[in-house]
Amino acid sequence: MQNQFSNDVKRVAADRSQLSAYCNPKGRILAAFRLFLREDEYYLRLPAQILPATLQRLRMFILRSKVTLDDASEELVRFGFAGSDAPKRLADILSRVPAEPDAVRQEDGLTILRLPGPVPRYEFHGETEAVMALWRRLARQARPVVEECWRWLTIQAGIPEIGAGTVEEFVPQMVNLAALDGVSFKKGCYPGQEVVARMHYLGKLKRRMYLAHVEQPAPPAPGVPLFTASGEPGVGKVVSAATSPEGGSDLLAVIRIASSEEPLHLGSLDGPLLAIRSLPYTVTDQA
23 MQNQFSNDVK RVAADRSQLS AYCNPKGRIL AAFRLFLRED EYYLRLPAQI
73 LPATLQRLRM FILRSKVTLD DASEELVRFG FAGSDAPKRL ADILSRVPAE
123 PDAVRQEDGL TILRLPGPVP RYEFHGETEA VMALWRRLAR QARPVVEECW
173 RWLTIQAGIP EIGAGTVEEF VPQMVNLAAL DGVSFKKGCY PGQEVVARMH
223 YLGKLKRRMY LAHVEQPAPP APGVPLFTAS GEPGVGKVVS AATSPEGGSD
273 LLAVIRIASS EEPLHLGSLD GPLLAIRSLP YTVTDQA
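Taking the working numbering, the leading residue of the sequence shown gets 23, the next gets one more, and so forth.
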């Protein structure tokens with residue numbers, strides 16, 4: 023994995039997860055995922071729709087390595103827990119709670135991941151019995167919500183999700199993975215590394231990912247294009263979107279930086295206007 027992924031896999035430990043990407047030789051992202059360790063095995067948490075293709079491609083590069091790659095979707099159960107008082111509520115149940123983003127705690131058959139973002143968020147991975155025991159305890163003091171609420175929190179955290187509609191569309195810096203510590207510029211080679219490194223050391227970033235709101239009740243699909251008022255093509259594309267609790271939809275989109283302060287329309291020249299909002303982390307134009 024170390025010679026396949028954009029981040030330094032050696033930094034992943036029983037108490038530390040990381041964001042990373044798997045790129046093609048041109049530096050375009052095939053998959054973006056969270057990598058974590060559980061019982062001496064590495065797990066990639068990524069969208070189910072791109073898992074088969076990612077797994078098939080990774081298997082091509084095993085060669086003689088003593089490694090097996092399997093779809094573990096049916097082995098583990100997972101759920102998320104979020105809220106401003108989530109750390110306190112978990113502290114009443116667990117012996118210790120991961121305190122900072124990317125921290126991991128292994129306890130009672132559970133792998134507990136603290137995720138980055140303005141709202142404290144945690145993921146729990148484990149076998150059914152252990153996960154359901156915790157679910158029942160938390161359900162007494164929290165309200166279950168649909169998956170789209172979790173997707174909205176991921177968007178608010180500014181974390182990209184690469185699905186079938188955006189595979190091979192972006193290099194890591196375009197979706198802010200460098201700002202999210204999802205790229206190592208000190209490790210050895212991996213597919214697309216030359217392109218990613220050249221952009222970092224020699225180039226100025228021309229596109230990056232923005233958080234935006236649009237007054238459209240149905241979230242736009244990944245890959246939907248953005249237009250300026252003059253109809254200029256290729257200005258940007260939607261990465262992910264979800265219904266906002268305030269009404270309308272919130273989304274992440276890769277936008278040409280030079281056009282980011284212009285009025286931007288979603289989907290067509292007369293489509294709804296985007297309102298750019300602040301991300302919870304700093305991104306510079308330097309790749």
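Glycine included, every Cβ here is placed at the ideal spot set by N, Cα and C.
On a predicted model such as this, the values are computed, not experimentally measured, just so you know.
- Unbroken alpha helix (DSSP H) stretches of 4 residues or longer found wholly inside the region 120-163: 150-161, given in chain order.
- With respect to L59, V126 sits close: the two C-beta atoms are nearer than 9 Å.
- For the pair C211 and Q26, the Cα-to-Cα distance works out to about 8 Å.
- Within the same chain, Cβ atoms closer than 8 Å to the Cβ of P242 are found at V236, V260, A263, S271, L273, L288, G289, the five residues on either side in sequence being excluded.
- Shown here, E63 sits in a strand according to DSSP, grouped into three states.
- The residue among T306, K88, P123, L52 with its C-alpha nearest the C-alpha of N198 is T306.
- By the CB criterion at 9 Å, P194 and A54 fall inside the cutoff.
- Rounded to the nearest angstrom, the gap between the Cα atoms of R173 and A104 is 12 Å.
- Per DSSP, reduced to three states, the secondary structure at V205 is coil, with no helix or strand assignment.
- Just measuring C-alpha positions, the residue of V153, V246, S206, E145 sitting nearest A186 is V246.
- Here the region 213-222 does not lie against the region 161-172, with fewer than 3 beta-carbon pairs under 8 Å apart.
- Closest in C-alpha terms to E254, from the list D292, P267, A234, Q24, comes D292.
- A distance below 9 Å separates the beta carbons of D203 and D124.
- A straight line joining the alpha-carbon of T133 with that of E61 spans about 9 Å.
- Scanning G180, Y144, I277 for the CA closest to the CA of L227 turns up I277.
- The beta carbon of T250 lies closer than 8 Å to those of V257, S281, E284, P285, L286, H287 in the same chain, with the five residues before and after it left out.
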